[in-house]
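Number of protein chains: 2
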Amino acid sequence: MTKPLPISQSLRTWMDVFMHRSMRGWTHFAKTTGLSMPQFSILMQLHHKGPCGMSEISERFDISNAAASQLVEKLVQSEHIERAEDPNDRRAKVLQLTPNGKDLIEAGFKERYKWMDELVSNLKAEEREKVVEALTILTDAAKNMSDKN
Amino acid sequence: MTKPLPISQSLRTWMDVFMHRSMRGWTHFAKTTGLSMPQFSILMQLHHKGPCGMSEISERFDISNAAASQLVEKLVQSEHIERAEDPNDRRAKVLQLTPNGKDLIEAGFKERYKWMDELVSNLKAEEREKVVEALTILTDAAKNMSDKN
DNA sequence: GCATAAAGTTAAGCTCGCTTAACTAAAAAG
DNA sequence: CTTTTTAGTTAAGCGAGCTTAACTTTATGC
């Protein structure tokens, strides 16, 4: 065990390691699915935020409506997304993941977190408890933050 | 504080929140730099692993040597990377970040972790201690893992 | 009701990343 | 010393994402 560091330092060190490894699994998985990163990111957004309209996609990713429309069209073709008319506003669409799309996201998470599970399996019970406690603290704090997604 | 969860659950919840927020800051920052994600990723790799040759880039990102060469060329043009001849093998090149490139990465990290700093600032001293301890445990464990970067 | 604004779509055209193929130069193998 | 392998570059061409512009359809303001 290394010497305790100030919190900003320990946070940053951890985030470096974590991000680097997670990203690897992430991009690798995206490649195996045949989807591009932008397409994949849209599925992720739908997973995270639930059903939404086309404009929310374009705002979230800072692209034009046209671009969003084209990307979504591909995801509809590949049956990862369902695009229905919004009953409350017939100009708008309601986009949501199909079961197909959900399965893919789920598989992606598994891939992404595999190394993490391995990491945890090497910890002692006492260490695991501490980790759970800390992560719960962080998760709660994150949920209470201004959530400008 | 929510009820304690099993470790796999608490890990996963945390990672979802964390990844989603970090990625937002990340892609946003990449856009402001004018660099593409592939270009940005190469800078990240050099930051993480230090100087390396062209082939290591192409292997790491699973692209052809030609593609790596072209991407690197752009980063050399924009003065984020220095490309020198390897004195031990004159076929090979040694790629490394310029001060310029390092500054950019550093700024990216700040952007990426801003929300995290904000999050931590809301914690009580006692909570912070627990977080530091847990992150140190995780970081140490990660460093001891098979490191196939 | 009519003009204006808003949500999406479609098409043309650009840039960028990537691949394959052909090439140069240096190291390793024999 | 010659052959083969390895590291990297360059060029041609493809596909994907993105933008702008023109358009359709539905909602909103006055």
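For the record, the sequence lines run as chains A and B. Sequential numbering of the first sequence, starting at 556, is according to the working numbering. Sequential numbering of the second sequence, starting at 556, is according to the working numbering. Built from N, CA and C at the ideal position, the CB exists for glycine as well.
Beta-carbon spacing of residue i, residue j below 7 Å
| i | j | result |
| --- | --- | --- |
| H602(B) | I562(B) | no |
| K685(A) | A689(B) | yes |
| Q651(A) | E628(A) | no |
| A697(A) | L566(B) | no |
| L626(A) | P593(A) | yes |
| R576(A) | Q600(A) | no |
| G656(B) | L598(B) | yes |
| E682(B) | T653(B) | no |
Which residues DSSP lists as bridging residue i, in chain order
| i | result |
| --- | --- |
| A639(A) | V649(A) |
| D672(A) | None; D672(A) has no bridge partner. |
| D644(A) | D641(A) |
For residue i, the first and last residue of its enclosing alpha helix (DSSP H)
| i | result |
| --- | --- |
| M574(A) | I562 to T588 |
| M700(B) | Counting along the chain, M700(B) falls outside any alpha helix (DSSP H), and DSSP gives it neither H nor E. |
| S610(B) | M609 to F616 |
| L601(A) | M592 to K604 |
| K629(A) | N620 to Q632 |
Exposure label - residue i; buried when at least 16 CB within 10 Å
| i | result |
| --- | --- |
| T694(B) | buried |
| H583(B) | exposed |
| R667(A) | buried |
| A623(A) | buried |
| N704(B) | With a pLDDT of only 47 at N704(B), under 50, the local geometry of the prediction cannot be trusted, and the value read off the model is given with reservation. With fewer than 16 other Cβ atoms within 10 Å, it is exposed. |
| S691(A) | Sequence inspection shows Thr at residue 691(A); the Ser mentioned does not correspond to that position. By the neighbour-count rule (16 or more Cβ atoms within 10 Å), T691(A) is buried. |
| A585(B) | buried |
| G605(B) | exposed |
| T568(A) | buried |
| V687(A) | buried |
| N700(B) | One detail in the question is off: residue 700(B) reads as Met in this sequence, not Asn. M700(B) is exposed by the Cβ-count criterion. |
Residue i: CB within 6 Å of a non-hydrogen atom of the ligand MG
| i | result |
| --- | --- |
| I660(A) | This structure lacks the ligand MG; in fact it carries no ligand of any kind. |
Integer Cβ distance of residue i from residue j, believed to fall under 8 Å
| i | j | result |
| --- | --- | --- |
| M671(A) | M570(B) | 7 Å |
| G580(A) | K669(A) | 7 Å |
| D641(B) | G608(B) | 7 Å |
| S619(A) | S610(A) | Rounded, the Cβ-Cβ distance is 11 Å, inconsistent with contact. |
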